[in-house]
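**Q** Structure below; questions to follow.
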Amino acid sequence: DLLAVMQRGRDQGRPSIAITNDPTSPIAELSDVVIPLHAAPEQSIAATKSYTSSLLAVAMIAGGDDLDVVPDAVAGALAKEDEINAAVERMGPIDKAAVLARGYNHATAFEWAIKLQEMAYVLAMPYSTADFAHGPFALLEPGFPLLGVVSEGSLTDDGLSIIRRAKDETEASITVLTNVDVPDLPTIDLPSIPEWLSPMMFIVAGQLFTLHTALARGVDPETPRGLIKVTKTS
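If you use this note's numbering, the sequence shown closes out at 235, no skipped numbers anywhere.
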């Protein structure tokens with residue numbers, strides 16, 4: 002399906018960019034510009050490093066002066082693995098969850114949720130904080146797993162307000178990935194980084210949370226049932 006779209010674009014004379022971990026791949030051959038990810042062979046079905054390095058490639062295309070802070074921020078997320086594992090143990094072997102974020106990290110919510118689905122068999126649904134308040138909030142009850150991503154920036158207060166409401170009104174079981182000081186919520190505290198670059202850091206923490214959730218549920222994340230490395234569509 003991707004190749005068909007790229008071929009149609011080439012037939013119409015549309016310029017194209019391929020972001021790929023294999024610069025010799027068919028999609029690269031159909032593109033005018035190829036940006037190799039240099040992430041080494043992707044062995045995992047979860048394709049976590051391909052996703053994360055693709056975010057960096059998109060940020061490089063967008064341009065900016067802050068890219069040099071990304072490695073330390075991601076290293077800071079990796080250093081939180083023990084704390085993340087403790088959060089998983091506190092929440093227990095969850096089988097469902099709502100994942101909330103907004104703005105730049107709306108995509109983080111979707112990626113975190115699908116990894117929980119694929120790798121840990123958790124029925125995880127992603128929502129923007131705004132959409133969640135308009136209806137799905139009714140799902141919450143004591144102990145319901147609620148995961149959040151709240152970055153420092155323009156939408157900090159929006160993200161925190163709906164999660165605080167959930168805590169106060171429903172007693173949901175909450176874990177928030179954030180780089181804001183939030184003493185009244187259960188958080189994984191991550192490094193400061195410009196908001197537009199924060200998805201690269203937050204998804205690494207989400208990937209670690211998924212790993213330990215899978216292990217807590219007795220699931221091997223390297224061999225998810227029903228999935229193969231390449232899925233063909235027609």
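From the three backbone atoms N, C-alpha and C, an ideal C-beta is built for every residue, glycine too.
Every value quoted in this text rests on a predicted model; they were computed, and no experiment measured them.
#1: Using only alpha-carbon positions, find the residue among E153, A60, E172 that is nearest to L191.
#2: Going by CA-CA distance only, name the one from M61, T109, Y105 that's closest to T49.
#3: Residues in the same chain with beta-carbon distance under 6 Å from P187, minus the five sequence neighbours each way, listed in chain order, please.
#4: Strictly by DSSP, which residues pair up with A99?
#5: Specify the secondary structure class of A48 as computed by DSSP and reduced to three states.
#6: Count the other CB atoms, across all protein chains shown, that sit within 10 Å of the CB of V75; report buried if there are 16 or more and exposed otherwise.
#7: On the DSSP letters alone, give me the boundaries of the alpha helix (DSSP H) that I204 sits inside.
#8: So, with DSSP's three-state summary, where would you put A41?
#9: I'd like to confirm the pairing. Which residues does DSSP put opposite V6 in its beta bridges?
#10: Confirm, please, whether the CB-CB distance from L3 to I28 is below 8 Å.
#11: To the nearest angstrom, how far is the alpha carbon of I36 from that of G64?
#12: Just verifying my parser: in three-state terms, what is the DSSP assignment at L191?
#13: DSSP three-state label for T234, please.
#14: Of the residues L140, V70, R166, G207, which one's Cα is nearest the Cα of I115?
#15: So, with DSSP's three-state summary, where would you put A19?
#16: Between I20 and S45, is the Cβ-Cβ spacing less than 8 Å?
#17: Does DSSP put L31 in a helix, a strand or coil?
#18: Work out the CA separation of E223 and V181 for me, nearest whole Å.
#19: Under 7 Å Cβ to Cβ from T306, same chain only, skipping five residues before and after it: list those, please.
#20: In angstroms, rounded to a whole number, what distance separates the CA positions of T234 and A5?
#21: Looking at K97: is its Cβ nearer than 8 Å to the Cβ of P137?
#22: Buried or exposed, going by whether 16 or more other CB atoms sit within 10 Å of the CB of H213?
#23: May I ask you to list the residues that DSSP assigns as paired with I36?
**A** Walking through what the data contain:
#1: E153
#2: T109
#3: I175, T176
#4: M126, L147
#5: coil
#6: buried
#7: 199 to 217
#8: coil
#9: BP columns for V6 are empty, so no partner.
#10: yes
#11: 14 Å
#12: coil
#13: The predicted position of T234 is uncertain, since its pLDDT is 49 and thus under 50; a value taken from the coordinates is nonetheless stated next. Of the three classes helix, strand and coil, the one that applies to T234 here is coil, per DSSP.
#14: G207
#15: strand
#16: no
#17: coil
#18: 33 Å
#19: Because the chain spans 2 through 235 in this model, residue 306 falls outside it and cannot be assessed.
#20: Per-residue confidence for T234 stands at a pLDDT of 49, beneath the threshold of 50, marking its modelled position as unreliable; the derived number appears in the next sentence. So the two alpha carbons sit approximately 11 Å from each other.
#21: no
#22: buried
#23: I20
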